[in-house]
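These notes concern the structure reproduced below.
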Amino acid sequence: MKSFPLVCLILCLLIACAELPAPTPEPTLARTEVAAVTTTTTPTAVSTPTSPPTPTLHPTVTPTPTPTLVPVLLGTAVSPSTTAIVPENVSQVTELARWG
50 MKSFPLVCLI LCLLIACAEL PAPTPEPTLA RTEVAAVTTT TTPTAVSTPT
100 SPPTPTLHPT VTPTPTPTLV PVLLGTAVSP STTAIVPENV SQVTELARWG
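So this is what it looks like as structure tokens:
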């Protein structure tokens, strides 16, 4: 039973060695023959009109600037309130805390 892997290995090697060889490349022209061929007429390039590339629409990310926070130090002037709290604008006052 131990000889089975050895037999498989030998068969695989024989099959690999029995493959057809790679095809040989076509013989190239000698330097003198190439010079004789290149002295004949050369084809002219014909340009074909092409349309310019069109821009594609895709979403781009525009970064928004982050505001710089400036600390308030002792002695920093605070702008005075423009309106006083009166019964007419009580609905605009925000409750910050409730006692009791």
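Numbers in this note's numbering are just positions in the sequence shown, counted from 1, shifted up by 49. Here a beta-carbon is modelled for each residue, glycine too, at the ideal position from N, C-alpha and C. The structure presented is a predicted model; accordingly, all values stated were derived computationally and were not measured.
Within the model, the alpha-carbon separation for residue 61 versus residue 74 is close to 28 Å. DSSP places residue 144 in the coil class of the three-state scheme, outside both helix and strand. The DSSP-derived three-state label of residue 96 is coil. Straight through space, the alpha carbons of residue 51 and residue 69 are spaced by roughly 31 Å.
Cβ-Cβ distances below 6 Å link residue 128 to nothing in the same chain once the five nearest sequence neighbours on each side are left out.
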